[in-house]
DNA sequence: AAAGATTTGTTGTTCCATACAACTTAAAGC
DNA sequence: GCTTTAAGTTGTATGGAACAACAAATCTTT
């Protein structure tokens, strides 16, 4: 409908804004209205939005009308009968728009459809050890799951985008996975999957698993920020990924490779790592290292480790203490560098978070310069294996919310 | 003149924009015009600006007229006689607006006045070892220097703000210096200095020395970005400070304490640090550590160390190798975390940059996961001792450029 | 040297989105 | 049933950019 000029002001972009026209004004205010409704815990009326945004009721009214027509917002029939005066019409996120989130991991494949209200409207999971397997075959399987998930979504739900979470170094610009050591993949393209989605009118966006999982911590629902606005997310799988979130935004870095915490050096004299360096965090707190140093079989689970530690097994406790010290050094560095004094442990590390926390807390306190004024806090993420898939869908929905005007008409 | 509503859209802020009015449009485009003129290496005409911004000539003309009237821009009389057609009027940054930059360091005090063209129009420097001295007395002396510098500026130059660079942890919100180990200061307030500046109609903004010095690397002149847009700046003094710059913006962190690279742990089994941790970078690459391990007297200079190393002194070479290794571990971590593959060595470290570079480069190559695709580069900053003062002034001028409309009329 | 060509900068006019104010709607209270 | 209150809607005014036409100043061509 409205022609989007590349030179125009883009909201949500860190790059400096371009020329602003009358239409830019409207787009900006429409996004503001949208954000306000989505961020609220309780449904807001047009008048509420007007007050919160300091726009006038008339302006809000016209913007909301367009958003409702475009299914981005919806009017809740039941007036929340309170007080006198004309009853308000509660506004909530629309239910007719959703995005596809995909994920490839060492042990499973996932395809999800998440709507603007944050509900999973369709899902297909498949557990399988794909390490070392053929990439194109695995991606073909993922394509099937994706097709099934899309087929399983109600007909009145329109899909607006698709994202894929990958455990490795992604070149989003080229649409390639450069390296995923723990899948045994390198330089993989996604033309087949991308082509399949293009038939459904969707473009596929690649992303790092940790970056996307961190989004599920930053947002409790699309456009609704959680209490934690600044934190470092640690994704403990076979490898260790990470993401830094500031002001609710995941820091991408120059090429989108920020947050590679697994290969931060914890001890220059430490054990060699597959990456070529020595003493990487992964060699202390990665799944393989945790299991090996605690005397568990290589295919054990974090739950087994937690069980052994809770039972008082000395080797397991030593393994966890070693990991906690390493995490303290690495995360202490992160806190000193980024000034983000909140740590969220996800994946395997979340499952043994209570065991790691005491020693990690102590390390952070002594190793971060700012601890005397703001003491670092440690949190654990809810253990959803396919958090990356949800995050991938959330990113697409966020893109919509950043410029809802582009989706109307 | 124009009433600034706190709820309005603020350019340059990372926080989400508020309501946009007609006037916001004008402010945004005025800032865009301003930015375009300031960023250009050669003077632009109104027509050039119109083409670059994709605004119309008429719109640019009216905005420029206001900016010229407000002294933010100036018309260069001499038409740059080229080609036919009506000769263009070259536009350049105005010369009538400037900001005050102050700096306190262990060995000197500085007061500078920098104008919108980036010229130092007045300056007072004083070399003095103030470590352990009384803070209020030193600040009184700085106040005198500041007064003299202001008195030394031409009468037709209007000052728009003042900034103070401090080598320590600053609480900008409270206007306090929380801790400056290398000055021997803690919890210092600046009410006297702030009051003195208030008489001249200026507000004093505090800032970290490294953060502000990094600005002088990011901007070659006010509003004119340098070729390096993403880099990590390392300020080597007695202590080591740092700053991460992304897209030309210094990352502040949650409380403004980001970039404390001096206390990143390089070896958990390393020597104890004054901060309470062990194996901090400062214990390897700080001035005291460098001088001690190279057998030079405690009050030696980096130049002496460089001289000894260039002469082949084995102890000096070993000291530098030790520092380079430590820098490799710490900066490798930073590159892995932030994905900013450019390092700028400033201060002492800049003076011995050529000696550090080979080993540092090798360490970065092996310790950063992304090095196989993008090789980290190492640069040295021009050695201006009072770079922090210039940076403090640049920050004030940037604030003006981000919203020039606030300064007109 | 004079007319045409070309580019810069300015001046009305139109268009569009928000502000503002008045009005309508629908409930609660008396 | 009338008044009060708050939500939502409908004109009208205002401000700023787009658009188009025009004036200014220099170079090119004949």
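Residue numbers (my numbering), protein chains in the order written: chain A, 1 to 409; chain B, 1001 to 1409. We put the CB at the ideal spot given by N, CA and C, even for glycine.
### Task
Measure from the alpha carbon of residue 101 of chain A to the alpha carbon of each residue in A:396, A:402 and A:408, then state which is nearest.
Residue numbering aside, residue 101 of chain A sits at position 101 when the first chain is read from its first letter. Measuring from the Cα of residue 101 of chain A, the nearest candidate turns out to be A:396.
### Message
Can you look up residue 106 of chain A in the DSSP assignment and give me helix, strand or coil?
### Response
Stepping through the first chain from its first residue, residue 106 of chain A is reached at position 106. Secondary structure of residue 106 of chain A (DSSP, three-state): coil.
### Residue-level contact to chain A via CB, residue 1405 of chain B, 8 Å cutoff
Counting from one through the second chain, the residue named residue 1405 of chain B turns up at place 405. No - not a single Cβ of chain A is within 8 Å of the one on residue 1405 of chain B.
### Query
Looking at the structure shown, is residue 138 of chain A part of a helix, part of a strand, or coil, going by DSSP?
As a position in the first chain, residue 138 of chain A is number 138, starting the count at 1. DSSP places residue 138 of chain A in the helix class (H, G or I) of the three-state scheme.
### Query
Quick one: is residue 1105 of chain B near chain A, going by C-beta distance under 8 Å?
Taking the first residue of the second chain as position 1, residue 1105 of chain B is located at position 105. Against chain A, the CB of residue 1105 of chain B has no partner CB under 8 Å away; the residue lies outside that interface.
#### Entry: Neighbourhood of residue 1049 of chain B by C-beta distance below 6 Å, restricted to the same chain and skipping five residues each side
Here residue 1049 of chain B refers to the residue found at position 49 of the second chain. For residue 1049 of chain B, same chain residues with a beta-carbon under 6 Å away, outside a window of 5 residues either side, are 1033, 1036 and 1060 in chain order.
### Message
Bridge partners for residue 1093 of chain B per DSSP, in chain order?
### Response
Indexing the second chain from 1 puts residue 1093 of chain B at position 93. According to DSSP, which records beta bridges pairwise, residue 1093 of chain B is partnered with B:1073.
### Message
Just verifying my parser: in three-state terms, what is the DSSP assignment at residue 1010 of chain B?
### Response
Reading the second chain from its first residue, position 10 is the one you call residue 1010 of chain B. With a pLDDT of 35 at residue 1010 of chain B, under the threshold of 50, the modelled position of this residue cannot be trusted; read the value that follows with caution. Residue 1010 of chain B falls in the coil class under three-state DSSP.
### Query
For the beta strand (DSSP E) that contains residue 1126 of chain B, what are its first and last residues?
Here residue 1126 of chain B refers to the residue found at position 126 when the second chain is read from its first residue. It spans 1120-1127 - the beta strand (DSSP E) in which residue 1126 of chain B sits, taken as one unbroken run.
### Query
DSSP three-state call for residue 406 of chain A: helix, strand or coil?
Translated into the one-based positions of the first chain, residue 406 of chain A becomes position 406. The answer is helix: DSSP assigns residue 406 of chain A an H, G or I state.
### Query
Does DSSP classify residue 1034 of chain B as helix, strand or coil?
To locate residue 1034 of chain B, count along the second chain from 1; it is residue 34. Here residue 1034 of chain B sits in helix by DSSP.
### Task
Figure out for me which residue from B:1319, B:1232, B:1292 and B:1325 has the closest Cα to the Cα of residue 265 of chain A.
Within the first chain, numbered from 1, the residue matching residue 265 of chain A stands at position 265. When only C-alpha atoms are compared, the closest one is B:1325.
### Query
Do residue 184 of chain A and residue 248 of chain A have their CB atoms nearer than 8 Å?
Taking the first residue of the first chain as position 1, residue 184 of chain A is located at position 184. Taking the first residue of the first chain as position 1, residue 248 of chain A is located at position 248. Cβ atoms of residue 184 of chain A and residue 248 of chain A: not closer than 8 Å.
### Query
Going along the chain, which residues of its own chain have a beta-carbon closer than 8 Å to the beta-carbon of residue 1149 of chain B, five neighbours each way excluded?
Taking the first residue of the second chain as 1, we reach residue 1149 of chain B at position 149. 1100, 1111, 1112, 1113, 1122, 1123 and 1124.
### Message
If contact is defined by three or more beta carbon pairs under 8 Å, each pair taking one atom from either stretch, is the region 1200-1218 of chain B in contact with the region 1242-1260 of chain B?
### Response
Yes: the two stretches touch, three or more of their Cβ pairs being nearer than 8 Å.
### Query
If we cut at 8 Å on Cβ distances, does residue 1182 of chain B have a partner in chain A?
If you number the second chain from 1, residue 1182 of chain B lands on position 182. Under the 8 Å criterion on CB atoms, residue 1182 of chain B is classed as non-interfacial with respect to chain A.
### Query
When the Cα of residue 1372 of chain B is compared with those of A:47, A:187 and A:350, which residue comes out closest?
Within the second chain, the letter at position 372 stands for residue 1372 of chain B. The residue among A:47, A:187 and A:350 with its C-alpha nearest the C-alpha of residue 1372 of chain B is A:187.
#### Entry: Cutoff 6 Å; reference residue 143 of chain A; Cβ partners in own chain excluding five residues on either side
Counted from its first residue, the first chain places residue 143 of chain A at position 143. Only 193 and 196 meet the Cβ criterion.
### Query
How is residue 299 of chain A classed by DSSP in three states: helix, strand or coil?
The residue you call residue 299 of chain A lines up with position 299 of the first chain. Assigned with DSSP and collapsed to three states, residue 299 of chain A falls in coil, not helix or strand.
### Task
Note down, in chain order, each residue of its chain lying with its Cβ closer than 7 Å to the Cβ of residue 1127 of chain B, except the 5 sequence neighbours on either side.
Numbered from its first residue, the second chain carries residue 1127 of chain B at position 127. Excluding positions up to five away in sequence, the list reads 1107 and 1108.
### Query
Can a CB atom of chain B be found closer than 8 Å to the CB of residue 28 of chain A?
Locating residue 28 of chain A in the first chain gives position 28, counting from the first residue. Interface flag for residue 28 of chain A against chain B is set, since a Cβ pair is found closer than 8 Å.
### Task
Could you pull out every unbroken alpha helix (DSSP H) segment of at least 4 residues lying fully inside the region 181-241 of chain A, listed in chain order?
DSSP runs (the alpha helix (DSSP H)) wholly in the region 181-241 of chain A: 191-199 and 209-218.
#### Entry: Rounded Cβ spacing between residue 1165 of chain B and residue 1388 of chain B (contact assumed at less than 8 Å)
The count along the second chain starts at 1 and reaches residue 1165 of chain B at position 165. The count along the second chain starts at 1 and reaches residue 1388 of chain B at position 388. With a Cβ gap of about 3 Å, residue 1165 of chain B and residue 1388 of chain B count as contacting.
### Task
State buried or exposed for residue 1377 of chain B, treating a residue as buried only when at least 16 other CB atoms are found within 10 Å of its CB.
One-based indexing of the second chain puts residue 1377 of chain B at position 377. Exposed: under 16 other Cβ atoms inside 10 Å.
### Query
When the cut-off is 8 Å and only beta carbons count, does residue 34 of chain A lie next to chain B?
Residue numbering aside, residue 34 of chain A sits at position 34 when the first chain is read from its first letter. So, not an interface residue.
### Message
Please state the DSSP three-state secondary structure of residue 1364 of chain B.
### Response
By one-based count along the second chain, residue 1364 of chain B stands at place 364. Note: residue 1364 of chain B maps to helix in three-state DSSP.
### Query
How about residue 44 of chain A and residue 404 of chain A: do their beta carbons lie closer than 8 Å?
Counting from one through the first chain, the residue named residue 44 of chain A turns up at place 44. Counting from one through the first chain, the residue named residue 404 of chain A turns up at place 404. In this structure, residue 404 of chain A does not lie closer than 8 Å to residue 44 of chain A by Cβ.
### Message
Please classify residue 154 of chain A as buried or exposed, where buried requires at least 16 neighbouring CB atoms within 10 angstroms.
### Response
Within the first chain, residue 154 of chain A is the residue found at index 154, counting from 1. With fewer than 16 Cβ atoms within 10 Å of its Cβ, residue 154 of chain A is classed as exposed.
### Task
Identify each residue in the region 363-385 of chain A for which the Cβ-Cβ distance to at least one residue of chain B is less than 7 Å, and report them in chain order.
Listed by position, the residues of the region 363-385 of chain A near chain B (Cβ gap below 7 Å) are 366, 367, 369, 370, 373 and 374.
### Message
So residue 1167 of chain B contacts chain A; which residues on that side make the cut at Cβ distance below 8 Å?
### Response
Locating residue 1167 of chain B in the second chain gives position 167, counting from the first residue. Residues of chain A with a Cβ closer than 8 Å to the Cβ of residue 1167 of chain B do not exist, since the nearest Cβ in that chain sits about 13 Å away.
### Query
Using the beta-carbon count (16 or more within 10 Å), is residue 310 of chain A buried or exposed?
Counting from one through the first chain, the residue named residue 310 of chain A turns up at place 310. Per the 10 Å Cβ criterion, exposed.
### Message
Considering only DSSP beta bridges, list what residue 1379 of chain B is partnered with.
### Response
Within the second chain, numbered from 1, the residue matching residue 1379 of chain B stands at position 379. According to DSSP, residue 1379 of chain B bridges with B:1344.
### Secondary structure of residue 333 of chain A, DSSP reduced to three states
Residue numbering aside, residue 333 of chain A sits at position 333 when the first chain is read from its first letter. Under the three-state reduction of DSSP, residue 333 of chain A is assigned to helix.
### Paired residues, beta bridge with residue 163 of chain A - DSSP
Translated into positions along the first chain, residue 163 of chain A becomes position 163. Paired residues: A:101 and A:205.
### Query
Using 8 Å as the Cβ pair cut-off and three pairs as the minimum, do the region 1315-1331 of chain B and the region 1351-1370 of chain B touch?
Counting C-beta pairs with one atom in each stretch, the region 1315-1331 of chain B and the region 1351-1370 of chain B have three or more that are closer than 8 Å, which means they touch.
### Task
Evaluate contact between the region 1262-1282 of chain B and the region 1301-1308 of chain B, counting only Cβ atoms and requiring at least three cross-stretch pairs below 8 Å.
Contact annotation: the region 1262-1282 of chain B does not touch the region 1301-1308 of chain B, with fewer than three C-beta pairs closer than 8 Å.
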